[in-house]
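Below is one structure, written out as structure tokens; the observations come after it.
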Amino acid sequence: MTSDDRELRELALEDMENTEALLKTSNQNLSVALTPKHPFADMPCLIEIRPGPGGVEGRFFADTIFQMYRNYCAARRYRCRVVKREASDGAGSHTGADGEIALQEAVLEVQEAGAYGIFRGEAGMHRVQRVPVTEKNGRTHTSAVGVWVLPSFPETGVAGVEEADFDNPESDFYIDPSEVRSEAMRARGAGGQHVNKTESAIRLTHVPTGTTVSMQDHRSQQRNREEAWRLLRSRLAQQRREAREEMARQMKNSVLSQAQITRGDKIRTYNYGQNRCTDHRCGLDIYNLPDILAGGDSLDQVFASVQNMLIERDIQAVLAEEEAAAANKATRT
Numbered sequence: 001m002t003s004d005d006r007e008l009r010e011l012a013l014e015d016m017e018n019t020e021a022l023l024k025t026s027n028q029n030l031s032v033a034l035t036p037k038h039p040f041a042d043m044p045c046l047i048e049i050r051p052g053p054g055g056v057e058g059r060f061f062a063d064t065i066f067q068m069y070r071n072y073c074a075a076r077r078y079r080c081r082v083v084k085r086e087a088s089d090g091a092g093s094h095t096g097a098d099g100e101i102a103l104q105e106a107v108l109e110v111q112e113a114g115a116y117g118i119f120r121g122e123a124g125m126h127r128v129q130r131v132p133v134t135e136k137n138g139r140t141h142t143s144a145v146g147v148w149v150l151p152s153f154p155e156t157g158v159a160g161v162e163e164a165d166f167d168n169p170e171s172d173f174y175i176d177p178s179e180v181r182s183e184a185m186r187a188r189g190a191g192g193q194h195v196n197k198t199e200s201a202i203r204l205t206h207v208p209t210g211t212t213v214s215m216q217d218h219r220s221q222q223r224n225r226e227e228a229w230r231l232l233r234s235r236l237a238q239q240r241r242e243a244r245e246e247m248a249r250q251m252k253n254s255v256l257s258q259a260q261i262t263r264g265d266k267i268r269t270y271n272y273g274q275n276r277c278t279d280h281r282c283g284l285d286i287y288n289l290p291d292i293l294a295g296g297d298s299l300d301q302v303f304a305s306v307q308n309m310l311i312e313r314d315i316q317a318v319l320a321e322e323e324a325a326a327a328n329k330a331t332r333t
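Here the sequence shown stands for residues 1 to 333, where the numbers follow the UniProt record's numbering.
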């Protein structure tokens, strides 16, 4: 083979490698584009962590998982807030090998937009296999930790909300004026001669919800209108808040029930003796457990693999829905 042939072969191999990498990236981008976006993907999130089976060791590892997520956020400068970190009353003064507390429950709020999309794949049962600090015979114990990931809805509708929020479609107080029917009426009841002579009373109806408010306390129709709008905004904001809380409650129950936190129902295993983290949904093994627990780049690899799995799962769900719809259409015809 001449030198020119060898150079052409090397160029061809290099070009093939570049093309394969480009095809892989294009395939991933196409999968993302075809997948319906999760309705909460762009929202902040709440990460709830509670120990499952495993006694005190399970509580220690629950705090390890909590710290892992805090480390991950800190390394990427994600804004986060510790909502709750409660130690178990029955654990006494014992701490884990790395100073963990015996956690009863923890809640971490990741306040960045899109946090739910990043962390939603963490919901499930996390299993640990290690020698507890209290184990005197060197035996490996297995414990479990349950993780819930919920959307975190912004705190609007509270005292101090500025008028600008009324024009923000993301605000609890926002109302599309075209959805409100306004009626002027004669005021009724006590109030002197003026109360029945002019149409100063106002009734507002939010057509989509059927919510109605009326105001006649003031002689000025404009003042009554302003007060009616204020009351309508407050009522709708409360309804929206309650609807979100109910949605979050249903989601929490559906994502992971307490009965599901068992050793046999796991999404990931952290094996200290083998320095291994295994995500059972993706079949991914990473042999760098300290970096995983420190929230390092290895945890990013896990997140990326899980995201690809979720995308594939969502695509399969869409295909199944389309096949079912086509089958129903065929039976009707």
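Yeah, the Cβ is synthetic: ideal placement off N, Cα and C, and Gly gets one too.
Simplified DSSP state of residue i, which is helix, strand or coil
i: TYR78; result: coil
i: ILE118; result: helix
i: GLN111; result: coil
i: LYS84; result: strand
i: ALA327; result: helix
i: ASP5; result: helix
i: ALA12; result: helix
i: THR211; result: strand
i: ALA164; result: Residue placement at ALA164 is flagged as unreliable, the pLDDT there being 40, under the threshold of 50; the coordinate-derived value follows with that caveat. Of the three classes helix, strand and coil, the one that applies to ALA164 here is helix, per DSSP.
i: THR156; result: Its pLDDT being 45, under 50, THR156 is placed unreliably in this model, and the value from its coordinates should be taken loosely. In this structure, THR156 counts as coil in the three-state DSSP scheme.
i: residue 335; result: Limits of the chain in this structure are 1 at one end and 333 at the other, which puts residue 335 out of reach.
i: PRO51; result: strand
i: TYR270; result: strand
i: ILE292; result: helix
i: ILE202; result: strand
i: PRO151; result: strand
i: GLU227; result: helix
i: GLU105; result: strand
i: ALA259; result: Confidence in ALA259 is poor, its pLDDT being 43 and thus under 50, which makes the residue's placement unreliable; the coordinate value appears in the next sentence. Note: ALA259 maps to helix in three-state DSSP.
i: GLY58; result: helix
i: ASP217; result: coil
i: ALA41; result: coil
i: residue 356; result: Outside the shown range of the chain (1 to 333) lies residue 356, about which nothing can therefore be said.
i: TYR69; result: helix
i: PHE173; result: coil
i: SER31; result: With a pLDDT of 49 at SER31, under the threshold of 50, the modelled position of that residue is not reliable, and no figure is offered here.
i: GLU135; result: coil
i: GLU322; result: helix
i: GLU100; result: coil
i: HIS194; result: Reliability of the predicted coordinates at HIS194 is poor, the pLDDT of 49 falling under 50, and the value obtained from them is presented with this limitation in mind. DSSP places HIS194 in helix when its eight states are reduced to three.
i: ARG332; result: helix
Residues bridged to residue i (per DSSP)
i: MET125; result: GLY146
i: ASP285; result: THR278
i: HIS141; result: ARG130
i: GLU183; result: ARG203
i: LEU46; result: GLU109 and LEU150
CB contact check: residue i to chain B, cutoff 9 Å
i: GLY99; result: Here chain B cannot be found, since the structure has a single protein chain.
Inter-residue CB distance, residue i and residue j (contact presumed, cutoff 8 Å)
i: ASN107; j: VAL83; result: Per the sequence presented here, residue 107 reads as Val, with Asn not at that position. The pair is a contact, with the Cβ atoms about 4 Å apart (cut-off 8 Å).
i: SER305; j: LEU319; result: In fact, because the Cβ distance is near 22 Å, the residues do not count as touching under 8 Å.
i: ARG81; j: GLU112; result: Between GLU112 and ARG81 the Cβ distance is about 11 Å, and since that is not below 8 Å, they are no contact.
i: PHE119; j: ILE47; result: 6 Å
i: ALA41; j: GLY114; result: 7 Å
i: ALA144; j: ARG127; result: 5 Å
i: GLU105; j: GLU86; result: 5 Å
i: CYS45; j: VAL149; result: 6 Å
i: THR147; j: ILE292; result: Position check: residue 147 holds Val in this sequence, whereas Thr was assumed. VAL147 to ILE292, Cβ: 14 Å. No contact.
i: GLY117; j: PHE303; result: At roughly 10 Å, the Cβ-Cβ gap does not stay under 8 Å, so GLY117 and PHE303 are not in contact.
Say whether the segment 199 to 207 touches the segment 178 to 185, bearing in mind that this needs 3 or more beta-carbon pairs closer than 8 Å, one atom from each stretch.
yes
Mind the definition here: the segment 227 to 246 touches the segment 206 to 218 only if three or more C-beta pairs lie below 8 Å; say whether that holds.
yes
May I ask you to verify whether the segment 122 to 140 touches the segment 4 to 21, counting CB pairs closer than 8 Å and requiring at least 3?
no
Assess, as a yes-or-no matter, whether the segment 133 to 147 is touched by the segment 57 to 66 under the definition of 3 or more beta carbon pairs within less than 8 Å.
yes
Examine the Cβ distances between the segment 169 to 176 and the segment 293 to 309 and report whether three or more of them are shorter than 8 Å.
no
Is it true that the segment 272 to 289 meets the segment 59 to 68, where meeting means three or more beta-carbon pairs spaced less than 8 Å apart?
no
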